[in-house]
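Note sheet for the following structure.
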Amino acid sequence: MLSTLGLTKRYFDFLLRSKSRYSIHSPFVYELLTRVISINSQYQVVQDIEKLRKKLLKNSTMIEVTDLGTKGLSNDYKRKRTISEITRRYAISPKYGKLLFQLAKHFKPKTIIELGTSLGLSTAYLALSDKDYKVLTLDGCPQTAAIAKQNFESLEMKNVELIVGDFDKTLEEVISKLISVDLAFFDGNHAKEPTLNYFEQCLSKVNEHSLFIFDDIHWSIGMEEAWEEIKGHSEVTVTIDLFQFGLIFFRKEQAKQHFSLRY
Ligand SMILES: C[S@@+](CC[C@H](N)C(=O)[O-])C[C@H]1O[C@@H](n2cnc3c(N)ncnc32)[C@H](O)[C@@H]1O
80 MLSTLGLTKR YFDFLLRSKS RYSIHSPFVY ELLTRVISIN SQYQVVQDIE KLRKKLLKNS
140 TMIEVTDLGT KGLSNDYKRK RTISEITRRY AISPKYGKLL FQLAKHFKPK TIIELGTSLG
200 LSTAYLALSD KDYKVLTLDG CPQTAAIAKQ NFESLEMKNV ELIVGDFDKT LEEVISKLIS
260 VDLAFFDGNH AKEPTLNYFE QCLSKVNEHS LFIFDDIHWS IGMEEAWEEI KGHSEVTVTI
320 DLFQFGLIFF RKEQAKQHFS LRY
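The opening residue of the sequence shown carries number 80 in the working numbering; numbering runs sequentially from there.
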């Protein structure tokens, strides 16, 4: 993970290279920015998700969290945390949750894969954008997954399947049963090699309308290297760096082009 100073420097570099809407010459990206990314939509379900977040933030119940993403790197990959702390540390922010919601609503992905469920807040943003989408969400921690299931019930989310286990064991099987991956949200193991490995696996079921969203692309040098490799992949055309999120498109009619946009 980069130090605060390192991240701040990265953010200034990002501000220098990022474009305003007036200098974007791609109609696809311009429309995406003005009609999806920058709009301030108001939906009741978004308020319901934020109500749930508030409840979770007040919950002092302690559970044992197993983070397979840090297994082998840290002795405390299993540790006790309160639900409140897990929500504060790991859940997607309201701003980026809403962006997930708006992107999913706009692109109408029939099948969504999410790597990293935690307590299920990002899953809720994806699944409640349209109850006809099917969301397959994966996580390796049985205890957080049990709370996520309760959260899905409280929000009446019937279009979600939660698969518990190490991505290294579960992802391949999940993907093998799918016709296509229309949207993939990568928010699990934020390290270079696993990120590239999960990208390659999801790539096997990509179509030209698929969207891949990577969280924390500037979080560490490894994540930045993974992001650069993904951008350079021959099947990838348009990429958008929003600093927190990296968006990847596979649109065949589009020339390869990389954008950095302020969000
Ligand atoms: C940042 S949290 C996900 C947060 C969630 N997307 C949200 O916004 O509410 C990352 C999750 O990935 C899971 N994870 C990390 N590495 C994993 C692995 N190799 N296999 C399965 N789960 C993993 C952790 O258990 C953790 O719950």
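A virtual CB, placed ideally from N, CA and C, is assigned to each residue, including glycine.
Since the model is a prediction, treat every value here as computed from it, not as a measurement.
Going by C-alpha distance, which of the options is nearest residue i?
i, options, result
"K256", "I327, S233 and K284", "K284"
"S38", "N268, D320 and A334", "Since the first and last residues shown for the chain are 80 and 342, residue 38 lies out of range."
"Q222", "L147, E272 and I103", "L147"
"R167", "E287, K159 and K133", "K133"
"A305", "Y175, P273 and I258", "P273"
"S259", "Q280, G267 and F265", "Q280"
"G219", "T196, D209, L200 and H104", "T196"
"L84", "V317, S299, L241 and K184", "S299"
"N138", "L198, H288 and M302", "L198"
"S233", "L207, H312 and F278", "L207"
"N119", "K331, E308 and K174", "K174"
"V317", "E308, E303 and K335", "K335"
"A225", "Q121, P106, G311 and T145", "T145"
"Y122", "G176, H104 and L111", "G176"
"T149", "D211, E235 and G267", "G267"
"G71", "H288, F278 and R341", "A query on residue 71 cannot be resolved here, the shown segment of the chain reaching from 80 to 342 and no further."
Can residue i and residue j be called in contact, C-beta distance under 8 Å?
i, j, result
"V239", "F231", "yes"
"I116", "L215", "no"
"E314", "L290", "no"
"I292", "F324", "yes"
"V54", "F180", "Limits of the chain in this structure are 80 at one end and 342 at the other, which puts residue 54 out of reach."
"L200", "I128", "yes"
"E332", "F264", "no"
"H297", "R89", "yes"
"H269", "M302", "yes"
"M141", "T161", "yes"
"F322", "F91", "no"
Give me whichever residues DSSP pairs with residue i in a beta bridge.
i, result
"D218", "V243"
"F231", "For F231, which the question treats as bridged, DSSP gives no partner whatsoever."
"L179", "L179 is not bridged to any residue."
"K159", "E143"
"Q336", "V317"
"I327", "F291 and T318"
"A263", "I192 and F291"
"K213", "T190"
Can you tell me the Cβ-Cβ gap for residue i and residue j, rounded? I've got them flagged as a contact below 8 Å.
i, j, result
"D294", "P188", "17 Å between Cβ atoms; not a contact."
"L384", "S163", "Look at the range of the chain in this structure, 80 to 342, and you will see that residue 384 is not part of it."
"L217", "T249", "5 Å"
"L205", "A183", "5 Å"
"E287", "R341", "Actually they do not touch by this definition, with Cβ atoms about 27 Å apart."
Please state whether DSSP places residue i in a helix, a strand or coil.
i, result
"T190", "strand"
"L201", "The displayed chain sequence assigns Ser, not Leu, to residue 201. The answer is helix: DSSP assigns S201 an H, G or I state."
"K130", "helix"
"Q123", "helix"
"I309", "helix"
"H297", "coil"
"I343", "Any answer about residue 343 is impossible in this case: the structure gives the chain only from 80 up to 342."
"V253", "helix"
Check whether the Cβ of residue i lies closer than 8 Å to any Cβ atom in chain B.
i, result
"T149", "Among the chains in the structure shown there is no chain B, since it carries only a single protein chain."
Would the C-beta of residue i count as close to ligand 3, meaning under 7 Å from any of its heavy atoms?
i, result
"G311", "For the structure depicted, ligand 3 is absent and the ligand set comprises only ligand 1."
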